[in-house]
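S.K.: My structure is below; once you've seen it, I'll send some questions.
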Amino acid sequence: MKLKKNIAISESGFIFNPEIGTSFTTNSLGVAILKQLKEKTSLEKIKDSIIKNYDIDQVTCEKDLDDFLRIVNQYNLLEEQS
Amino acid sequence: MNNKKDITVAVTGLNAIDSPGPGIAVIRGLKESNFFNIRIVGLAYEILEPGIYMDELVDKVYQIPVPSSGFDLMLERLKYIQEKENIDVLIPNFDAELMTFIKLKPILNKMGIKMLIPTKEQFEERLKGDLNDFGVKHHIKVPTSETVFTINELEDSLEDFDFPVVIKGKFYDAYVATNIEQAKSYFYKISAKWGTPIIIQQFINGNEFNITALGDGKGNMLGAVPMRKTFLTDKGKAWAGISIDDPKLIKMANDVVSKTKWSGGMEIELMKEEKTNDLYLIEINPRFPAWIYLANGCGQNHPEMLVKFLMGEKVDPIKEYAIGKMFIRYSYDLICDLDKYEKMSIHGEV
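Note that the protein sequences, when read in sequence, are chains X and H. Quick note, the first sequence lines up with residues 280 to 361 if you use this note's numbering. Quick note, the second sequence lines up with residues 37 to 386 if you use this note's numbering.
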């Protein structure tokens with residue numbers, strides 16, 4: 280899973296897709312996840328870093344991350360998988 | 037003091053109303069020229085076109101006869117204006133006046149007025165009713181469309197389409213109809229306002245994009261900026277928009293300009309189908325769009341480039357533009373003295 284390379288991520292949580300001109304907002308954790316996706320970090324590593332830095336159990340983390348990524352996909356921010 | 041060359045440019049489309057003409061946006065670009073000091077002569081059809089009263093943008097205004105009053109009357113008026121103003125370049129900004137200016141072009145040229153406008157063939161082949169042929173001729177994907185003149189023809193033609201369909205006027209208005217009754221009601225609504233023919237067009241499910249482009253008439257695209265509307269008025273006009281980065285859109289603009297050898301400004305309306313990501317050409321407007329000032333904000337001053345080209349200056353095509361630049365329109369009340377309105381009413385110039 281990889282974020283489209285031209286997606287602009289601001290520290291403020293403002294996300295801009297220049298291909299279709301849409302924008303979204305997210306929180307600091309969302310920014311951190313998107314940045315890692317852009318750097319092609321594996322989902323396993325992203326999940327581990329969330330569990331390490333936040334007070335969250337593995338099952339809840341997996342579910343929340345899954346939900347977040349579904350939204351990211353709906354917003355057309357991910358590269359199409361071949 | 038500056039070294040800019042003094043020239044005079046006439047501009048139509050001063051109707052900066054809720055569904056604005058492009059004139060004021062074109063003038064803003066011209067006034068920001070780094071190359072010319074441009075004196076603006078506004079050409080207005082109605083005496084309440086707001087541009088008439090924008091003293092900081094328009095130096096002199098003349099009322100001109102509406103295109104339907106005929107070629108001779110327009111020529112007579114332009115001869116009078118030219119004697120006084122010595123216009124170098126004229127930029128028409130209305131679809132409805134363009135055919136008159138296309139016919140007038142050789143005469144105006146002899147009078148010293150230059151225009152970069154499409155030819156009669158270019159103007160006609162991109163008409164909404166002829167879009168199918170345009171697509172076939174230039175190998176550009178267009179939605180299937182049929183032209184009808186009567187309600188019976190509409191009913192017959194609808195058998196060739198799956199709903200929803202788009203019902204469009206020849207020049208203005210478009211509605212999405214989801215059944216035959218709706219299609220018929222839109223037929224009546226549009227034909228009562230704009231007359232026939234009416235165009236039935238295949239509905240493309242996806243996102244709409246617009247591109248403003250400038251062609252030199254020899255197949256070269258001098259500039260192009262794509263935009264997505266982010267806020268629409270109830271008439272479906274852009275009230276806000278944002279420049280975007282999609283090489284496919286630029287390629288489409290380049291294809292249209294090079295294959296048609298387009299001359300002048302144009303607005304290309306496209307749909308990107310959600311399922312396939314295929315681009316469909318929906319419409320070509322044969323002039324700058326009302327949002328042309330966004331191109332200027334993105335680093336491409338198309339009105340200035342057009343004038344430079346016509347004045348024989350070298351114009352290098354620009355490919356770069358700023359991405360993520362937005363425009364947002366606003367309404368603003370101009371306070372004017374009655375004497376200006378009086379002069380326009382009585383003398384037709386101010």
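Ideal Cβ placement from N, Cα and C applies to all residues, glycine included. These figures come from a predicted structure and were not determined experimentally.
Can you tell me the Cβ-Cβ gap for Lys206 (chain H) and Ser55 (chain H), rounded? I've got them flagged as a contact below 8 Å.
M.R.: Along the second sequence, read from residue 1 onward, the residue named residue 206 (chain H) stands at position 170. Along the second sequence, read from residue 1 onward, the residue named residue 55 (chain H) stands at position 19. The beta-carbon distance between Lys206 (chain H) and Ser55 (chain H), rounded to whole angstroms, is 17 Å. This is too long to meet the 8 Å contact definition.
S.K.: According to DSSP, Asn337 (chain H) sits in a beta bridge with which residue or residues?
M.R.: Locating residue 337 (chain H) in the second sequence gives position 301, where the first residue counts as 1. Paired residues: none, contrary to the question.
S.K.: Is the CB of Asn243 (chain H) under 9 Å away from at least one CB in chain X?
M.R.: For the purposes of this step, residue 243 (chain H) is identified with residue 207 of the second sequence, where counting begins at 1. Cβ-Cβ to chain X under 9 Å: yes for Asn243 (chain H).
S.K.: Give, in chain order, every unbroken run of the alpha helix (DSSP H) that is at least 4 residues long and sits entirely within the stretch 164-207 of chain H.
M.R.: 167-174 and 187-194
S.K.: Output the distance between the C-alpha atoms of Asp314 (chain H) and Val77 (chain H), rounded to the nearest integer angstrom.
M.R.: In the second sequence, residue 314 (chain H) corresponds to position 278, counting from 1. In the second sequence, residue 77 (chain H) corresponds to position 41, counting from 1. Between Asp314 (chain H) and Val77 (chain H), the C-alpha separation is close to 43 Å.
S.K.: Tell me whether Cys334 (chain H) is buried or exposed, calling it buried when 16 or more other Cβ atoms sit within 10 Å of its Cβ.
M.R.: Within the second sequence, the letter at position 298 stands for residue 334 (chain H). The residue is buried, with at least 16 neighbouring Cβ atoms inside 10 Å.
S.K.: Could you list which residues in chain X have their beta carbon closer than 9 Å to that of Arg264 (chain H), in chain order?
M.R.: As a position in the second sequence, residue 264 (chain H) is number 228, starting the count at 1. Near Arg264 (chain H) (Cβ distances below 9 Å), the residues of chain X are Ile299, Gly300 and Thr301.
S.K.: In terms of residues, what are the limits of the beta strand (DSSP E) holding Asn321 (chain H)?
M.R.: Along the second sequence, read from residue 1 onward, the residue named residue 321 (chain H) stands at position 285. First-last of the beta strand (DSSP E) with Asn321 (chain H): Leu315 to Asn321.
S.K.: Run down chain H in chain order and give the residues with a C-beta less than 9 Å from the C-beta of Asn306 (chain X).
M.R.: On the first sequence, residue 306 (chain X) is found 27 positions in, with the first residue counted as 1. None at all; the shortest Cβ gap to chain H is about 22 Å.
S.K.: I'd like the list of long-range same chain contacts for Gln337 (chain X), defined as Cβ closer than 7 Å, with 5 residues on each side in sequence excluded.
M.R.: Mapped onto the first sequence, residue 337 (chain X) falls at position 58. The residues are Ile330.
S.K.: Could you tell me which whole alpha helix (DSSP H) segments of length 4 or greater appear in the stretch 52-111 of chain H?
M.R.: 59-67
S.K.: What does a CB cutoff of less than 8 Å around Tyr224 (chain H) pick up in its chain, not counting 5 residues either side in sequence?
M.R.: Within the second sequence, numbered from 1, the residue matching residue 224 (chain H) stands at position 188. These residues qualify, in order along the chain: Ile187.
S.K.: Assuming Phe130 (chain H) is part of the beta strand (DSSP E), what are its boundary residues?
M.R.: Locating residue 130 (chain H) in the second sequence gives position 94, counting from the first residue. Per DSSP, Phe130 (chain H) belongs to no beta strand (DSSP E) and is neither H nor E.
S.K.: Report the CB separation of Leu50 (chain H) from Glu92 (chain H) in whole angstroms; it is logged as a contact under 8 Å.
M.R.: Taking the second sequence and counting its residues from 1, the one referred to as residue 50 (chain H) is at position 14. Taking the second sequence and counting its residues from 1, the one referred to as residue 92 (chain H) is at position 56. With a contact defined as Cβ atoms closer than 8 Å, Leu50 (chain H) and Glu92 (chain H) miss out at about 14 Å.
S.K.: Mapping DSSP to helix, strand and coil, what is Glu290 (chain X)?
M.R.: As a first step, residue 290 (chain X) is located in the first sequence; it is residue number 11 there, counting from the start. Three-state result, Glu290 (chain X): coil.
S.K.: From this set, H:Pro103, H:Lys146 and H:Ile138, which residue's C-alpha is nearest Ser118 (chain H)'s C-alpha?
M.R.: As a position in the second sequence, residue 118 (chain H) is number 82, starting the count at 1. In the sequence as presented, Ser is not what sits at residue 118 (chain H); that position holds Gln. Answer by Cα proximity: H:Lys146.
S.K.: Could one say the Cβ of Asn352 (chain X) lies closer than 9 Å to chain H's Cβ atoms, at least one of them?
M.R.: Residue numbering aside, residue 352 (chain X) sits at position 73 when the first sequence is read from its first letter. By this cut-off, Asn352 (chain X) is not an interface position.
S.K.: Does any residue of chain X have a CB that is nearer than 9 Å to the CB of Asp314 (chain H)?
M.R.: Counting from 1 along the second sequence, the entry for residue 314 (chain H) is found at position 278. Chain X places no beta carbon closer than 9 Å to that of Asp314 (chain H), leaving this residue out of the contacts.
S.K.: Taking only beta-carbon atoms, is Asp131 (chain H) less than 9 Å away from chain X?
M.R.: Locating residue 131 (chain H) in the second sequence gives position 95, where the first residue counts as 1. False, the Cβ-Cβ gap to chain X never drops below 9 Å.
S.K.: Bridge partners for Phe245 (chain H) per DSSP, in chain order?
M.R.: Numbered from 1 along the second sequence, position 209 holds the residue referred to as residue 245 (chain H). Note: Phe245 (chain H) sits in a beta bridge opposite H:Leu306.
S.K.: Just to check my reading of the structure: Asn241 (chain H) and Ile304 (chain H) have Cβ atoms closer than 8 Å, yes? What is that Cβ distance to the nearest angstrom?
M.R.: Translated into the one-based positions of the second sequence, residue 241 (chain H) becomes position 205. Translated into the one-based positions of the second sequence, residue 304 (chain H) becomes position 268. Contact doesn't hold; Cβ gap of about 20 Å is too wide.
S.K.: My guess is that Gly277 (chain H) and Phe363 (chain H) are in contact by the Cβ rule of under 8 Å, so how many angstroms apart are they, rounded?
M.R.: Working through the second sequence from its first residue, we reach residue 277 (chain H) at position 241. Working through the second sequence from its first residue, we reach residue 363 (chain H) at position 327. Their Cβ separation, rounded to whole angstroms, is 6 Å, which keeps Gly277 (chain H) and Phe363 (chain H) in contact under 8 Å.
S.K.: So does Leu84 (chain H) have its beta carbon nearer than 8 Å to some heavy atom of the ligand ADP?
M.R.: The ligand content of the structure shown is nil, which means the ligand ADP is not present either.
S.K.: Could you check how far apart the C-beta atoms of Asp42 (chain H) and Asn73 (chain H) are, in whole angstroms? I think they sit under 8 Å.
M.R.: To locate residue 42 (chain H), count along the second sequence from 1; it is residue 6. To locate residue 73 (chain H), count along the second sequence from 1; it is residue 37. Confirmed, about 5 Å.
S.K.: How many Å lie between Gly300 (chain X) and His175 (chain H) at the Cα?
M.R.: Here residue 300 (chain X) refers to the residue found at position 21 of the first sequence. Here residue 175 (chain H) refers to the residue found at position 139 of the second sequence. Straight-line Cα distance between these residues: approximately 28 Å.
S.K.: How would you list, in chain order, the residues of chain X whose beta-carbon sits under 7 Å from the beta-carbon of Ile359 (chain H)?
M.R.: Here residue 359 (chain H) refers to the residue found at position 323 when the second sequence is read from its first residue. What Ile359 (chain H) touches in chain X: Pro297.
S.K.: Near Lys317 (chain X), what residues of its chain come up, given a Cβ to Cβ distance below 6 Å and the 5 sequence neighbours on each side ignored?
M.R.: Here residue 317 (chain X) refers to the residue found at position 38 when the first sequence is read from its first residue. Only Leu282 meet the Cβ criterion.
S.K.: Please classify His383 (chain H): is it buried, with 16 or more other beta-carbons within 10 angstroms of its beta-carbon, or exposed?
M.R.: Start at 1 with the first residue of the second sequence, and residue 383 (chain H) comes out as number 347. Label assigned to His383 (chain H): exposed.
S.K.: Can you name the start and end residues of the beta strand (DSSP E) that Leu268 (chain H) belongs to?
M.R.: Along the second sequence, one-based indexing puts residue 268 (chain H) at 232. Note, Leu268 (chain H): beta strand (DSSP E), Met257 to Leu268.
S.K.: Relative to the alpha-carbon of Ala287 (chain X), which residue among X:Cys340, X:Leu313 and X:Leu344 has its alpha-carbon at the smallest distance?
M.R.: Indexing the first sequence from 1 puts residue 287 (chain X) at position 8. Ranking X:Cys340, X:Leu313 and X:Leu344 by Cα distance to Ala287 (chain X) puts X:Leu313 first.
S.K.: With 7 Å as the limit, tell me which residues of the stretch 277-296 of chain H have their beta carbon closer than that to any beta carbon of chain X; keep them in chain order.
M.R.: Within the stretch 277-296 of chain H, the residues whose Cβ lies closer than 7 Å to some Cβ of chain X are Ile278, Ile280, Asp281 and Asp282, listed in chain order.
S.K.: By a C-beta neighbour count over all protein chains shown, 10 Å radius and 16 as the cutoff for buried, is Asn296 (chain X) buried or exposed?
M.R.: As a working note, residue 296 (chain X) is residue 17 in the first sequence. Buried, because 16 or more other Cβ atoms sit within 10 Å of the Cβ of Asn296 (chain X).
S.K.: Please check the pair Glu385 (chain H) and Tyr98 (chain H), which I expect to be a contact at CB under 8 Å, by giving their CB distance rounded to whole angstroms.
M.R.: The sequence position of residue 385 (chain H) within the second sequence is 349, counting from 1. The sequence position of residue 98 (chain H) within the second sequence is 62, counting from 1. Confirmed, about 5 Å.
S.K.: Closest to Asn243 (chain H) by CA distance: which of H:Tyr316, H:Gly253, H:Asn256 and H:Ile216 is it?
M.R.: By one-based count along the second sequence, residue 243 (chain H) stands at place 207. Of H:Tyr316, H:Gly253, H:Asn256 and H:Ile216, the residue nearest in Cα terms is H:Tyr316.
S.K.: Output yes or no for whether 9 Å exceeds the beta carbon distance between Thr269 (chain H) and Phe324 (chain H).
M.R.: Taking the first residue of the second sequence as 1, we reach residue 269 (chain H) at position 233. Taking the first residue of the second sequence as 1, we reach residue 324 (chain H) at position 288. For Thr269 (chain H) and Phe324 (chain H), no; Cβs fall outside 9 Å.
S.K.: DSSP state of Ile226 (chain H), grouped into three classes?
M.R.: Position 190 of the second sequence holds residue 226 (chain H). Looking at Ile226 (chain H) - three-state DSSP - the assignment turns out to be helix.
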